[in-house]
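>
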Amino acid sequence: MIKNVKSLTSKAACLLGLSMITAVSLTPMTAEAQVTFRNATTGDVIDFSFGKKGEETEAVKHFMETAENLYNQDEEAITIGQDLYMTACSGCHGHHVEGKLGPALGDAYWTYPAGRYDKGFFEIIYDGARAMMGPQRNNLSIDEILQVMAYVRSVYWDEPEKALWLPEEERAKLVPAEMPAEFKEALENFNKTH
Ligand code: HEC
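Numbering (mature numbering (1 follows the signal peptide of the UniProt record, and there is no 0)), first residue to last: -33 to -1, 1 to 161.
(1) With 16 as the cutoff for other CB atoms within 10 Å, does D50 come out buried or exposed?
(2) Is any heavy atom in the ligand HEC found nearer than 7 Å to the beta carbon of F88?
(3) Give every residue of the same chain whose Cβ lies closer than 6 Å to the Cβ of D14, excluding the five residues on either side of it in the sequence, and list them in chain order.
(4) What residue range does the alpha helix (DSSP H) around I91 cover?
(5) Confirm, please, whether the CB-CB distance from R83 to W132 is below 8 Å.
(6) What span of residues does the alpha helix (DSSP H) with F150 cover, start to end?
(7) So, at 7 Å on beta carbons, what are the nonlocal neighbours of K120 in its own chain, with the 5 sequence-adjacent residues on each side left out?
(8) Would the beta-carbon of A26 fall within 8 Å of that of D110?
(9) So who's on the other strand from R97, going by DSSP bridges?
(10) Of the residues M146, N106 and N156, which one's Cα is nearest the Cα of A71?
(11) Have a look at E90, N105 and E35 and flag the residue whose alpha-carbon is nearest the alpha-carbon of T9.
(12) Helix, strand or coil for R5, going by three-state DSSP, please let me know.
(13) Give me the Cα-Cα distance between G101 and Y118, rounded to the nearest whole angstrom.
(14) Give, in chain order, every unbroken run of the alpha helix (DSSP H) that is at least 4 residues long and sits entirely within the stretch 30 to 68.
(15) Could you tell me the boundaries of the alpha helix (DSSP H) in which V122 lies?
(16) Since N105 and K19 should fall inside the 8 Å C-beta cutoff, what is the C-beta to C-beta distance between them, to a whole number of angstroms?
(17) Taking 7 Å as the limit between beta carbons, can you name the residues of its chain near A44, skipping five residues before and five after?
(18) So, at 7 Å on beta carbons, what are the nonlocal neighbours of T3 in its own chain, with the 5 sequence-adjacent residues on each side left out?
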């Protein structure tokens, strides 16, 4: 009788142990990338072992595993992202994302077409592109980069069907932001001369 109880208990402990092992092995280790992120120009796998340390938020974990930005359309993150953009990016990309030394980021034209998806967008910002577009990983944590990205996506003014970072069913519902006056002017001048 006692023996049976014992063996039952040890069976339960064993099952519990097993389920714990399964749970552990299914849980991703910290922010270890599940998606392979690569440098936008060289294709080298990005090393995440250095760069500005930041909080490993739910958004960071989710992005490392899926390359989906949970901050898209999140008003609070967009507001913080706008502040960060003003400090870290506006000097080169313009105060209204209209382009200056670096290209406009709110239209559907991309030098690096992969940037139309959030994975590619992140890779350019985190690890840099050419010339003046240096890696931002020492300036901004991953969480901050995701907030900047959400802000930039929120001011997209081009055709909804080209908003490729959004799931297909959400593109149709997108109401584009207003085109910044500076971009409109540059576009009109361009059209006059071409
Ligand atoms: C010192 C100037 C400078 C700063 C600061 C800067 N950029 Fe850039 N950025 C550039 C230049 C120049 C390019 C074009 C590089 C190229 O074509 O390889 C560029 C390219 C890009 C691209 C690729 C655009 C495309 O059409 O493919 C993205 C995305 C981008 N920058 C985002 C950002 C964000 C977000 C920030 C702030 C966190 C930032 N950049 C800060 C100068 C800058």
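Every residue gets a Cβ at the ideal spot worked out from N, C-alpha and C, and that includes glycine.
Given the structure is predicted, the values throughout are model-derived calculations rather than measurements.
Based on what the coordinates show:
(1) D50 should be labelled exposed.
(2) Yes, the beta carbon of F88 sits closer than 7 Å to at least one heavy atom of the ligand HEC.
(3) Cβ neighbours of D14 beyond the five flanking positions: none.
(4) Segment D85 to D94, the alpha helix (DSSP H) holding I91.
(5) Closer than 8 Å, so yes.
(6) Residue range A148 to T160 is occupied by the alpha helix (DSSP H) that includes F150.
(7) A quick correction: the sequence has Arg, not Lys, at residue 120. Answer for R120: N39 and W132, listed in chain order.
(8) Result yes, Cβ atoms of A26 and D110 sit closer than 8 Å.
(9) DSSP output for R97 lists no bridge partner at all.
(10) Among M146, N106 and N156, the Cα nearest to that of A71 belongs to M146.
(11) Nearest Cα to T9 within the set E90, N105 and E35: E90.
(12) Three-state DSSP puts R5 in a strand.
(13) Looking at the two C-alpha atoms, the distance is approximately 20 Å.
(14) For the stretch 30 to 68, whole alpha helix (DSSP H) runs of length 4 or above, ordered along the chain, are 42 to 55 and 57 to 60.
(15) It is not in any alpha helix (DSSP H) - V122 carries neither H nor E in the DSSP assignment.
(16) So it is a contact: roughly 6 Å between Cβ atoms.
(17) These residues qualify, in order along the chain: Y38, Q114 and A117.
(18) Cβ neighbours of T3 within its own chain (closer than 7 Å, five residues either side excluded): V12.
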